Amino acid sequence: MSWLRSYALLLRWNALRLRFLLPLFAIVSAGLSVGIIVGFAYLLPDVDATSAAFLATGGPTIGLITVGLVMAPNMVAQSKLQGSFEFDQTLPVPPLASVAAGVTVWILGALPGLVLSLVVAAFRFDLRLDPSPLVIPAALLVALTATTLGYGLAHALPPAAVGLVTQLVVFVTLMFSPVNFPVDRLPGWLQAVHVVLPFQYMAQSVRESLVGGISGTPYLVMGAWCLAGLVVTYRLIVRRP
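Reading the sequence shown from the start, the letters are residues 1 to 241 in this note's numbering.
This is how it looks when you write it as C-alpha coordinates:
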(Lines of atoms letter the chains of each structure in order from A; the text may use other names.)
(Lines give C-alpha, C1' and ligand atoms only; values in the text may rest on other atoms or scores of the structure.)
Protein backbone atom coordinates (compact mmCIF):
# COMPACT_ATOMS: atom_id res chain seq x y z
CA MET A 1 0.00 0.00 0.00
CA SER A 2 1.39 3.42 -0.96
CA TRP A 3 2.24 6.01 1.68
CA LEU A 4 -0.37 8.50 0.45
CA ARG A 5 -3.14 5.90 0.33
CA SER A 6 -2.19 4.70 3.81
CA TYR A 7 -2.25 8.30 5.04
CA ALA A 8 -5.69 8.96 3.53
CA LEU A 9 -7.20 5.80 5.01
CA LEU A 10 -5.67 6.45 8.43
CA LEU A 11 -6.84 10.05 8.34
CA ARG A 12 -10.38 8.86 7.76
CA TRP A 13 -10.01 6.22 10.48
CA ASN A 14 -8.77 8.76 13.02
CA ALA A 15 -11.49 11.24 12.13
CA LEU A 16 -14.17 8.57 12.59
CA ARG A 17 -12.68 7.32 15.85
CA LEU A 18 -12.50 10.83 17.32
CA ARG A 19 -15.64 12.25 15.74
CA PHE A 20 -17.33 12.76 19.11
CA LEU A 21 -14.26 13.99 20.98
CA LEU A 22 -12.77 16.37 18.43
CA PRO A 23 -15.61 18.93 18.67
CA LEU A 24 -15.18 18.93 22.44
CA PHE A 25 -11.42 19.40 22.12
CA ALA A 26 -12.00 22.23 19.64
CA ILE A 27 -14.35 23.93 22.11
CA VAL A 28 -11.86 23.52 24.96
CA SER A 29 -9.03 24.88 22.84
CA ALA A 30 -11.12 27.85 21.71
CA GLY A 31 -12.28 28.51 25.27
CA LEU A 32 -8.71 28.48 26.55
CA SER A 33 -7.52 30.85 23.83
CA VAL A 34 -10.39 33.28 24.33
CA GLY A 35 -10.13 32.99 28.12
CA ILE A 36 -6.49 34.02 28.04
CA ILE A 37 -7.28 37.05 25.91
CA VAL A 38 -10.19 38.20 28.04
CA GLY A 39 -8.97 37.06 31.46
CA PHE A 40 -5.39 38.28 31.26
CA ALA A 41 -6.65 41.68 30.14
CA TYR A 42 -8.25 42.10 33.58
CA LEU A 43 -4.78 41.88 35.14
CA LEU A 44 -3.63 44.90 33.13
CA PRO A 45 -5.45 48.13 34.00
CA ASP A 46 -4.30 49.82 30.80
CA VAL A 47 -3.67 47.59 27.82
CA ASP A 48 -1.40 49.44 25.41
CA ALA A 49 -0.83 48.48 21.79
CA THR A 50 2.14 46.24 22.59
CA SER A 51 0.34 44.34 25.35
CA ALA A 52 -2.73 43.98 23.12
CA ALA A 53 -0.62 42.48 20.34
CA PHE A 54 0.97 39.98 22.72
CA LEU A 55 -2.36 38.94 24.27
CA ALA A 56 -4.17 38.79 20.93
CA THR A 57 -1.57 36.49 19.40
CA GLY A 58 -0.49 34.69 22.58
CA GLY A 59 -3.98 33.33 23.26
CA PRO A 60 -4.30 31.39 20.01
CA THR A 61 -0.68 30.29 20.26
CA ILE A 62 -1.32 28.72 23.65
CA GLY A 63 -4.45 27.12 22.22
CA LEU A 64 -2.37 25.46 19.50
CA ILE A 65 0.27 24.39 22.02
CA THR A 66 -2.38 22.92 24.31
CA VAL A 67 -3.91 20.83 21.55
CA GLY A 68 -0.54 19.51 20.42
CA LEU A 69 1.29 19.10 23.72
CA VAL A 70 -1.60 18.18 26.01
CA MET A 71 -4.66 16.79 24.25
CA ALA A 72 -2.89 14.76 21.56
CA PRO A 73 -0.37 12.97 23.85
CA ASN A 74 -3.08 12.24 26.42
CA MET A 75 -5.18 10.59 23.73
CA VAL A 76 -2.18 8.50 22.67
CA ALA A 77 -1.66 7.50 26.31
CA GLN A 78 -5.35 6.61 26.58
CA SER A 79 -5.13 4.48 23.43
CA LYS A 80 -2.21 2.58 24.98
CA LEU A 81 -4.27 1.83 28.08
CA GLN A 82 -7.26 0.72 26.00
CA GLY A 83 -5.20 -1.46 23.68
CA SER A 84 -6.14 0.37 20.48
CA PHE A 85 -2.55 1.58 20.08
CA GLU A 86 -1.33 -2.00 19.81
CA PHE A 87 -4.04 -2.68 17.23
CA ASP A 88 -2.85 0.30 15.16
CA GLN A 89 0.67 -1.10 15.30
CA THR A 90 -0.46 -4.28 13.57
CA LEU A 91 -1.84 -2.44 10.53
CA PRO A 92 0.24 -2.89 7.34
CA VAL A 93 0.97 0.84 6.93
CA PRO A 94 4.13 2.94 7.15
CA PRO A 95 4.71 4.16 10.74
CA LEU A 96 5.03 7.81 9.74
CA ALA A 97 1.76 7.65 7.79
CA SER A 98 0.01 6.81 11.05
CA VAL A 99 1.75 9.68 12.83
CA ALA A 100 0.97 12.10 9.99
CA ALA A 101 -2.71 11.18 10.00
CA GLY A 102 -2.98 11.69 13.74
CA VAL A 103 -1.14 15.01 13.60
CA THR A 104 -3.39 16.22 10.78
CA VAL A 105 -6.54 15.49 12.75
CA TRP A 106 -5.27 17.39 15.79
CA ILE A 107 -4.16 20.38 13.73
CA LEU A 108 -7.58 20.59 12.09
CA GLY A 109 -9.17 20.44 15.53
CA ALA A 110 -7.05 23.35 16.74
CA LEU A 111 -7.68 25.77 13.87
CA PRO A 112 -11.26 26.85 14.81
CA GLY A 113 -10.00 28.06 18.18
CA LEU A 114 -7.29 30.05 16.47
CA VAL A 115 -9.76 31.89 14.25
CA LEU A 116 -12.29 32.53 17.04
CA SER A 117 -9.68 33.88 19.45
CA LEU A 118 -8.34 36.32 16.84
CA VAL A 119 -11.86 37.62 16.19
CA VAL A 120 -12.44 38.10 19.92
CA ALA A 121 -9.07 39.82 20.33
CA ALA A 122 -9.75 42.24 17.49
CA PHE A 123 -13.01 43.34 19.12
CA ARG A 124 -11.75 43.24 22.72
CA PHE A 125 -8.72 45.46 22.13
CA ASP A 126 -9.95 47.31 19.05
CA LEU A 127 -6.85 45.87 17.45
CA ARG A 128 -6.27 46.09 13.74
CA LEU A 129 -4.58 42.95 12.53
CA ASP A 130 -2.54 42.94 9.34
CA PRO A 131 -2.24 39.27 8.34
CA SER A 132 0.63 38.41 6.03
CA PRO A 133 0.77 35.43 3.65
CA LEU A 134 2.81 33.64 6.33
CA VAL A 135 -0.03 33.50 8.85
CA ILE A 136 -1.20 30.08 7.68
CA PRO A 137 2.29 28.52 7.45
CA ALA A 138 3.14 29.99 10.86
CA ALA A 139 0.02 28.59 12.53
CA LEU A 140 0.47 25.22 10.86
CA LEU A 141 4.13 25.00 11.87
CA VAL A 142 3.28 25.90 15.48
CA ALA A 143 0.58 23.23 15.59
CA LEU A 144 2.80 20.69 13.81
CA THR A 145 5.73 21.31 16.14
CA ALA A 146 3.58 21.10 19.27
CA THR A 147 1.86 17.92 18.10
CA THR A 148 5.01 16.10 17.03
CA LEU A 149 6.61 16.95 20.38
CA GLY A 150 3.45 15.78 22.11
CA TYR A 151 3.58 12.49 20.24
CA GLY A 152 7.22 12.13 21.23
CA LEU A 153 6.31 12.60 24.90
CA ALA A 154 3.42 10.16 24.63
CA HIS A 155 5.62 7.44 23.18
CA ALA A 156 8.60 8.09 25.44
CA LEU A 157 6.73 8.17 28.77
CA PRO A 158 4.50 5.66 30.53
CA PRO A 159 0.80 6.50 30.11
CA ALA A 160 0.44 7.39 33.80
CA ALA A 161 3.20 10.01 33.52
CA VAL A 162 1.92 11.68 30.35
CA GLY A 163 -0.85 13.59 32.12
CA LEU A 164 1.48 14.96 34.79
CA VAL A 165 4.13 16.07 32.31
CA THR A 166 1.66 17.70 29.94
CA GLN A 167 0.05 19.63 32.79
CA LEU A 168 3.49 20.89 33.74
CA VAL A 169 4.00 22.00 30.14
CA VAL A 170 0.78 24.03 30.26
CA PHE A 171 1.79 25.65 33.55
CA VAL A 172 5.24 26.59 32.29
CA THR A 173 3.84 27.90 29.01
CA LEU A 174 1.20 30.05 30.69
CA MET A 175 3.29 31.49 33.50
CA PHE A 176 6.95 31.39 32.54
CA SER A 177 7.11 31.49 28.75
CA PRO A 178 7.26 34.74 26.73
CA VAL A 179 4.09 34.01 24.83
CA ASN A 180 1.75 36.64 26.30
CA PHE A 181 4.49 39.09 27.27
CA PRO A 182 7.93 40.24 26.01
CA VAL A 183 10.90 38.02 26.85
CA ASP A 184 12.79 40.89 28.52
CA ARG A 185 10.41 40.69 31.50
CA LEU A 186 11.95 37.37 32.49
CA PRO A 187 15.16 37.01 34.52
CA GLY A 188 18.32 36.58 32.48
CA TRP A 189 18.77 32.87 33.16
CA LEU A 190 15.20 32.12 32.05
CA GLN A 191 15.65 34.22 28.92
CA ALA A 192 18.67 32.04 28.11
CA VAL A 193 16.56 28.89 28.56
CA HIS A 194 13.94 30.19 26.15
CA VAL A 195 16.57 30.81 23.51
CA VAL A 196 16.62 27.03 23.14
CA LEU A 197 12.98 26.15 23.86
CA PRO A 198 10.44 26.60 21.06
CA PHE A 199 7.68 28.47 22.93
CA GLN A 200 8.78 32.06 22.38
CA TYR A 201 9.43 31.32 18.71
CA MET A 202 5.96 29.85 18.32
CA ALA A 203 4.45 33.04 19.69
CA GLN A 204 6.81 35.24 17.69
CA SER A 205 5.97 33.59 14.37
CA VAL A 206 2.21 33.97 14.96
CA ARG A 207 2.57 37.55 16.22
CA GLU A 208 4.76 38.70 13.36
CA SER A 209 2.52 37.10 10.76
CA LEU A 210 -0.47 39.01 12.18
CA VAL A 211 0.83 42.41 13.23
CA GLY A 212 3.94 42.87 11.10
CA GLY A 213 7.64 42.07 10.99
CA ILE A 214 9.03 38.82 9.64
CA SER A 215 12.15 36.97 10.77
CA GLY A 216 13.42 33.53 9.84
CA THR A 217 14.76 32.40 13.23
CA PRO A 218 11.39 31.22 14.63
CA TYR A 219 10.81 28.98 11.63
CA LEU A 220 14.29 27.48 11.82
CA VAL A 221 14.00 26.75 15.55
CA MET A 222 10.50 25.31 15.25
CA GLY A 223 11.57 23.26 12.25
CA ALA A 224 14.42 21.77 14.27
CA TRP A 225 12.12 20.90 17.19
CA CYS A 226 9.51 19.49 14.82
CA LEU A 227 12.10 17.27 13.14
CA ALA A 228 13.37 16.12 16.55
CA GLY A 229 9.83 15.20 17.60
CA LEU A 230 9.29 13.22 14.41
CA VAL A 231 12.61 11.38 14.74
CA VAL A 232 11.97 10.46 18.37
CA THR A 233 8.41 9.36 17.64
CA TYR A 234 9.46 7.27 14.66
CA ARG A 235 12.28 5.53 16.53
CA LEU A 236 10.03 4.71 19.48
CA ILE A 237 7.25 3.41 17.25
CA VAL A 238 9.44 1.09 15.20
CA ARG A 239 11.47 -0.08 18.17
CA ARG A 240 10.75 -3.64 19.14
CA PRO A 241 11.07 -5.03 22.68
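All C-beta atoms, glycine included, are put in the ideal place defined by N, C-alpha and C. Since we're looking at a predicted model, the values are computed, not measured.
- Message: So for residue 217, helix, strand or coil by DSSP?
- Response: It is helical.
- Would you mind working out which of 126, 183, 70 and 95 sits nearest residue 107, comparing C-alpha positions? The candidate whose alpha carbon is nearest that of residue 107 is 70.
- Message: With three or more beta-carbon pairs closer than 8 angstroms as the criterion, would you say the region 176-187 touches the region 57-65?
- Response: Between the region 176-187 and the region 57-65, the count of Cβ pairs shorter than 8 angstroms is three or higher; the stretches touch.
- Query: Which residue from 116, 208, 221 and 80 puts its Cα closest to that of residue 156?
  - Reply: When C-alpha distances from residue 156 are compared across 116, 208, 221 and 80, the shortest belongs to 80.
- Item | Cβ-based neighbour list, residue 102, same chain, cut-off 6 angstroms, excluding 5 preceding and 5 following | For residue 102, where only same-chain residues beyond five positions count, the Cβ hits under 6 angstroms are 14.
- Item | Distance CB(residue 33)-CB(residue 63) smaller than 8 angstroms | The answer is yes: Cβ separation under 8 angstroms.
- Query: Are there 16 or more other CB atoms within 10 angstroms of the CB of residue 214, so buried, or fewer, so exposed?
  - Reply: By the 10 Å Cβ count, residue 214 comes out exposed.
- With distances taken between CB atoms, is the gap from residue 244 to residue 100 smaller than 8 angstroms? Look at the range of the chain in this structure, 1 to 241, and you will see that residue 244 is not part of it.
- Item | Proximal residues to residue 242 (C-beta, below 8 angstroms), its chain only, five neighbours per side dropped | The chain is shown only over 1 to 241; residue 242 falls outside these bounds and no answer can be derived.
- Taking DSSP as the reference, what is the three-state secondary structure of residue 73? Helix at residue 73.
- Which of helix, strand or coil does DSSP assign to residue 18? Coil, per DSSP.
- Task: Can you say whether residue 185 is buried or exposed, counting buried as having 16 or more other CB atoms within 10 angstroms of its CB?
- Result: Under this definition residue 185 is an exposed residue.
- Item | Buried versus exposed call for residue 207 [16 or more other C-beta atoms within 10 Å across all chains shown] | With 16 or more Cβ atoms within 10 Å of its Cβ, residue 207 is classed as buried.
- Which value, in whole angstroms, describes the spacing of the CA atoms of residue 193 and residue 183? Taking the straight line joining both Cα atoms gives about 11 angstroms.
- From the DSSP output, in three-state form, read off residue 157 for me. Of the three classes helix, strand and coil, the one that applies to residue 157 here is coil, per DSSP.
- Message: Need the endpoints of the alpha helix (DSSP H) that residue 187 sits in, please.
- Response: Segment: none, residue 187 is in no alpha helix (DSSP H) and carries neither H nor E.
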